[in-house]
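Student: Quick one: the structure is below, and I'll ask about it shortly.
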Amino acid sequence: MEELESELRRGFRAMDPPDGFTERVMVRVRSERLPRTRYWQRWGLVGAVAASLVVSVVGFQQRQDAAGAEQAEAELLYALQLAGSKLNRATDAVLPSNLDAEGRE
Amino acid sequence: MPPENRELVDAALRDPEAFSAIVDRHKGTVYGLAYHFFQNATTAEDVAQDVYLELFKNLDRIETDLHLGFWLRQTTTRKCIDYTRRQKHRRYEPLENVVEPGKEANHGDPLLAGQLMGKVKQLPDKMRAVIVLRFHQDLKLTEIAEILEIPVNTVKTTLRRGLARLRDKIVAEPVGIHDGRTRI
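Chains H and R, in that order, give the protein sequences.
Heads up: the first sequence begins at 107 in this note's numbering, then just goes up one per residue.
Heads up: the second sequence begins at 26 in this note's numbering, then just goes up one per residue.
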């Protein structure tokens, strides 16, 4: 058994990798490098981005709602004006010219 | 006086390019361990590169000089075992892993030691790891137990059985100088 163990030690001699090994490792390291930030900084950044996204979406929604309300109001006014002018024309067509809508001269 | 491992780690944390100094210092250990596990240079380099990449990503967790050495041995061993287990599920053998006939574990060394390495490669992965850590890395049984995260008694048993298997393989297939015509 001792001979076996000594032969094993002889067989397991020191092995260096082929030339250029370190450079090949560094190529992989450079290609997969992440910013060396601390744990809390990374999650702080993620949180800040998430918060700004939420604020942006909410703000956008509010603007959409406001814009929608304004547009709806404008459309309503326009519709009322149209309706009013049409009503005037209808009244003019129906009533004699010397009478108003109340039937008074 | 060469810088301590801790100094190299700190330097690499400040400047990633300084990581190459850590690679240079420990490449013999990492590559050697992988090479003797697989008896294959290509696979050994693949695994060794993976080990260093993982080290780079976890550099800030290295606490002491001893911790770095332990971490490298443990991670290299773990990756060697994982690689072997993944290979078992493959239905094909990568060409670089195929050993040419007559060249198994042949380092140009006709002596028993060189051919014995081929027998080591036939051992089960955990048993192989114990043998390599014991006779290549020259680690104590307690250190091997820590690296493999198994009880010391299991290491002892595994080592004893591994040596017995190697002895049986030598007896079953006598090794010696092979002149192409007769086996001694």
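Backbone N, C-alpha and C define an ideal beta-carbon position, used for all residues, glycine too.
All figures in this text were calculated on a predicted structure; none of them were measured in a lab.
Using the beta-carbon count (16 or more within 10 Å), is D75 (chain R) buried or exposed?
Tutor: buried
Student: State the DSSP-derived secondary structure class of D75 (chain R), mapped to helix, strand or coil.
Tutor: helix
Student: With respect to the alpha helix (DSSP H) encompassing I47 (chain R), which residues constitute its N-terminal and C-terminal limits?
Tutor: Segment F44 to F63, the alpha helix (DSSP H) holding I47 (chain R).
Student: Out of R:R39, R:G53 and R:G139, state which residue places its alpha-carbon closest to the alpha-carbon of E113 (chain H).
Tutor: R:G139
Student: Beta carbon of A37 (chain R), beta carbon of L97 (chain R): below 7 Å?
Tutor: For A37 (chain R) and L97 (chain R), no; Cβs fall outside 7 Å.
Student: Taking C-alpha atoms, which residue in R:A170, R:T54 and R:P28 lies nearest to D90 (chain R)?
Tutor: R:P28
Student: May I have the straight-line CA-CA distance separating Q112 (chain R) from N65 (chain R), to the nearest angstrom?
Tutor: 14 Å
Student: What does a CB cutoff of less than 6 Å around L158 (chain R) pick up in its chain, not counting 5 residues either side in sequence?
Tutor: L164 and I169
Student: Tell me whether D150 (chain R) sits in a helix, a strand or coil according to DSSP, three-state version.
Tutor: helix
Student: If I measure Cβ to Cβ from D150 (chain R) and keep anything under 8 Å in the same chain, skipping five residues before and after, which residues do I get?
Tutor: C105, I106, T109 and R110
Student: Strictly below 8 Å CB to CB, what residues from chain R border V135 (chain H)?
Tutor: P41, F44, Y77, L78 and F81
Student: When the cut-off is 7 Å and only beta carbons count, does Y108 (chain R) lie next to chain H?
Tutor: no
Student: Evaluate T167 (chain R) with the Cβ neighbour count: other Cβ atoms within 10 Å of its Cβ, from every protein chain shown; 16 or more gives buried, anything less gives exposed.
Tutor: exposed
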